[in-house]
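To convert, note that position 118 of the sequence shown is 113 in this note's numbering; the numbers rise steadily by one, no gaps.
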Amino acid sequence: MDTEPSANDLETFASRHIGPQSHQRDAMLAAIGATDLDDLVAQSLPAAITETAPLELPPPLSESEAMSRLRDLAAQNRPGRAMIGLGYHGTVTPAVIRRNVLEDPAWYTAYTPYQPEISQGRLEALLNFQTLVADLTGLPIAGASLLDEATAVAEAMTLARRTTKTGSVLLLDADTLPQTIAVVSTRAEALGLAVEVAEGDLLSAVRASDPFAVVVQTPGASGRLAGTDELRAVAEAAHAKGAEVIAACDLLALTAVTPPGEWGADIAVGSSQRLGVPLFYGGPHAGFISVRTKLERSLPGRLVGVSRDVDGTQAYRLALQTREQHIRREKATSNICTAQVLLAVTASMYAVYHGPRGLAAIATAVHGAASALADDLSAGGIEVVHEAFFDTVLASVPGRAAEVVRAARESGVHLRLVDADHVGISVGQDATVADLTAVRAAFPVGGDPTSSGRSRLGEVRTSAYLTHPVFNTHHSETSMLRYLRALSDRDFALDRGMIPLGSCTMKLNATAEMEPISYPGFADLHPFVPAEAATGYATLIAELESWLAELTGYARVSIQPNAGSQGELAGLLAIRGYHRDRGDEQRTVCLIPSSAHGTNAASAVMAGMSVVVVKATHDGSVDLDDLKVKVETHHDRLAGIMVTYPSTHGVFEEGITDLCALVHDAGGQVYVDGANLNALVGLARPGRFGADVSHLNLHKTFCIPHGGGGPGVGPVAVGAHLAPYLPGHPLVEVQGAQGQGSGPVSAAPYGSAGILPISWAYIAMMGGEGLRSATQHALLAANYVATRLAEHYPVLYTGRNGRVAHECILDLRPLTRSSGITVDDVAKRLIDYGFHAPTMSFPVAGTLMVEPTESENLEELDRFCEAMIGIRGEIARVKEGHWPADDNPLVNSPHTQSRLVADEWTHAYSRRLAAYPAGLHAGPISARGSDKYWPPVGRIDGAFGDRNLVCTCPPPEAFED
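In structure tokens, the structure reads:
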């Protein structure tokens, strides 16, 4: 291009976020036949839904202004020293992990490891996490993380219900965390499951009830640590009735006490937060789950397994993927799609860095400080309620609890006000001598805060854990740093190149958006501090919710759901609650188009609805004729419809307003899935064109990075009539909530609050016009790619004027039929070209769905198009017989260094073509010569990994001949 960028291109944050500069934009518009961006929008969107009025948002801030404002908001919070407990504990994140995992784009910009050959680093880290959980809980199979502890208990409940034939009740320990009881009750009520909270002695309650599962919280919310004999008796009594036993436990405590697998638990769940993950005002934190043998195929969420590549090299992949939502839909084990990978990696690296001896030393120090405090309280005449505990002391101070808590707070320490007579004190790794002195002074009692009291653990753990070399090697910072770098070098993330995943919106996660999550005041705040200690978060959350409401056209937004799946559930529960309050309990049918995301169907089932599928037409749109039939058939039972807009097929359907009217006329509600909102922001608002509720993916449209498969945030946005049914919380009065709504869907009142500054910063810095421009450029990029590739690969679906929305589907099926080259072969060959593959075989098998986003510049878009055109030429050579069908660059891809430097090369194509298909110096620096990304393993044998399921760190000799 001869035209140079103008000075205005570099003046605003929006111009930094949007990849194409003005001269590139104009060239792209010319290539697709549009005069300007507004013309492209007019060609693409139905006029009935298009809005031209400016968004009512504050003027955009510069990067420095936004970061300054966020520093001010963080400073308004008063984290003090968090000693409240209830599943959230003070910890110390090693700086080497904070800087090189949490704050490193090589880790946080990666996608879910569905392409395992280019995800070996994060897969190894997750295998470490699974090994950590399995070893500490004493159960052989652990998942790759869940959303939080409360959600993990709820998932364990449904797992137990699926796998047990007897019992009618979920029995909860009376000492279960209150937020867990609330989340489990929300889930159970929707599914028609009965929940009972034991009164007093759990063993007696088991014997007196008819449980299908029993939840034991150990240590309990009050800090009480049940003895091994007591726990074993509970397990034996539950098993005698055919019930499963679920242990909600503490990983750090399990370094010191008998693990659940050794006293009879079938399932163990909890949170890994205290293993080096900041408090983050409640999240994001990686929940965990582990199970006994024979339950692994019912395990919710993702599971990393060990397999081998085409050369027999040990390799990692996601195992048992047939359990996932996109395969099983309404029969899926769970609706969870986003997990908490980045936080699971952090926790696993904390364990790698400290090792078994280091973890044991931390646990000993925590318990010793709590025990010494208990001794001093007792010596001072204060009753300590429980004799056995790990880190939490429950003190009885009749009538004085509020006074004690207030005195501690004035000294900078947050304690738990249990009731008028009791105070809870939970000692974390971060508690200092000054903190422990302040706690004693608040009661007041004397004593020595530097001492360690007598053990209050009872029976201690005798079994070994974390014996694998990875947990016994990297204890110096030098070694740890190199290990983290080695793993990240094995992965392909956005810091290397474009990830053109359809439906996933892998756009820029700007450093100015990311940095504030580490600010003091944001990172170190406990979720249950008093409201006056969280005023900065209150302001940020209120502003973000109001901005999201403005952008979507809804009346209210709740940011509590800590994943898109939980946002879906919250939205459907709101619909269900609305119908029930109107006396329409029979309205339980949810219509879902055949092309919809699999999570939609799974979420509908979890909300107590039955799924009825609506057909798609030949162009991928919802078949309005079939919709009319389904609406009429289920008229009086219709709860609503879940529809993605623009459609999952990547087009703006003309009949969306007719669809909304049809459902409304039958008394149903319209749920618009916000997965594709990146094609609407600033152009159209679901709440204005007929929808009643949507969930939004902040980890897509609003720049929270995917983190290798999580974290995410899935706010739910509703019309005014559904606002009373938004989620509340049992421990905190959620700002703006009307009552308890449908009950909480996440453990923390504001979900993954710690990453909300990212989306706040994005909206604040883009402003209304910047957000509209970003959407227009997303449409431009997708249409440019579709136009350039149309003569090489058919674009399966288009809308008005032959336009696509923000993504396009390339149809490879004719090529597969004529050449034998599959969509998998193309995906793996793209690795050799230096790209992550687009979304494979969704929503149509044998296709690639491409979403380039607004953040990629013209050079990168052209590089991708040239790669796809090059691959098309290679397919032609196979088809024409120049290369054998079973020995060509596509079926042998990706090509590793070890294969290329082998002494013999017997293939019909050259080594250079194998490794550098675009040439040694093609494209940007990241694609040239020595800067090429090399996959660490070749094509992985997935079936072998499923037949030989290994989901923890194997011994070093496991794959030796």
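All C-beta atoms in this analysis are idealised placements derived from N, C-alpha and C, irrespective of residue type, glycine included. Values in this document were obtained by computation on a predicted structure and should not be read as measured data.
Under 8 angstroms between the Cβ atoms of residue i and residue j?
i, j, result
"residue 81", "residue 203", "no"
"residue 548", "residue 681", "yes"
"residue 463", "residue 250", "no"
"residue 144", "residue 826", "no"
"residue 552", "residue 710", "yes"
"residue 133", "residue 222", "no"
"residue 860", "residue 774", "no"
"residue 992", "residue 254", "With the chain covering only -4 through 956, there is no way to say anything about residue 992."
"residue 366", "residue 419", "no"
"residue 957", "residue 35", "This structure does not reach residue 957, given that the chain is present from -4 up to 956, and the question cannot be answered."
"residue 105", "residue 481", "no"
"residue 298", "residue 108", "no"
"residue 648", "residue 642", "yes"
"residue 336", "residue 139", "yes"
"residue 55", "residue 761", "yes"
"residue 742", "residue 16", "no"
"residue 136", "residue 315", "no"
"residue 340", "residue 117", "yes"
Beta strand (DSSP E) containing residue i: first to last residue?
i, result
"residue 212", "206 to 213"
"residue 475", "Unbroken run through residue 475 is the alpha helix (DSSP H), 472 to 484; no beta strand (DSSP E)."
"residue 969", "Since the displayed the chain opens at -4 and closes at 956, residue 969 lies outside it and no answer follows."
"residue 243", "239 to 244"
"residue 639", "633 to 639"
"residue 553", "551 to 553"
"residue 144", "Per DSSP, residue 144 belongs to no beta strand (DSSP E); it is in the alpha helix (DSSP H), 144 to 158."
"residue 690", "688 to 690"
"residue 252", "Segment: none, residue 252 is in no beta strand (DSSP E) and carries neither H nor E."
Using the DSSP secondary-structure output, state which residues sit across from residue i in a beta bridge.
i, result
"residue 842", "806"
"residue 78", "410"
"residue 935", "304"
"residue 668", "639"
"residue 420", "388"
"residue 310", "302"
"residue 585", "606 and 635"
"residue 83", "80"
"residue 712", "552 and 689"
"residue 266", "282"
"residue 379", "390"
By how many angstroms is the C-alpha of residue j removed from the C-alpha of residue i?
i, j, result
"residue 244", "residue 85", "17 angstroms"
"residue 181", "residue 738", "5 angstroms"
"residue 403", "residue 437", "5 angstroms"
"residue 791", "residue 842", "9 angstroms"
"residue 744", "residue 809", "51 angstroms"
"residue 75", "residue 466", "32 angstroms"
"residue 220", "residue 422", "15 angstroms"
"residue 856", "residue 270", "41 angstroms"
"residue 937", "residue 224", "43 angstroms"
"residue 375", "residue 441", "7 angstroms"
"residue 771", "residue 32", "6 angstroms"
"residue -4", "residue 23", "At residue -4 the pLDDT is 36, less than 50, meaning the model places this residue with poor confidence; the figure from the coordinates comes in the next sentence. Taking the straight line joining both Cα atoms gives about 12 angstroms."
"residue 3", "residue 11", "In this prediction, residue 3 scores a pLDDT of 46, lower than 50, which makes its location untrustworthy; the coordinate-derived value is nonetheless stated afterwards. Each residue's Cα considered, the two are about 11 angstroms apart."
"residue 67", "residue 88", "23 angstroms"
"residue 589", "residue 542", "32 angstroms"
"residue 707", "residue 155", "27 angstroms"
"residue 672", "residue 279", "23 angstroms"
"residue 667", "residue 756", "25 angstroms"
"residue 29", "residue 20", "11 angstroms"
"residue 18", "residue 851", "14 angstroms"
"residue 701", "residue 694", "6 angstroms"
Provide the residue span of the alpha helix (DSSP H) that contains residue i, from first to last.
i, result
"residue 173", "173 to 186"
"residue 772", "751 to 784"
"residue 655", "651 to 660"
"residue 256", "255 to 258"
"residue 644", "No alpha helix (DSSP H) contains residue 644, which DSSP labels as neither H nor E."
Complete runs of the alpha helix (DSSP H) confined to the segment 505 to 584 [at least 4 residues]: Taking only runs of at least 4 residues, the alpha helix (DSSP H) segments lying wholly in the segment 505 to 584 are 506 to 509, 530 to 547 and 559 to 576.
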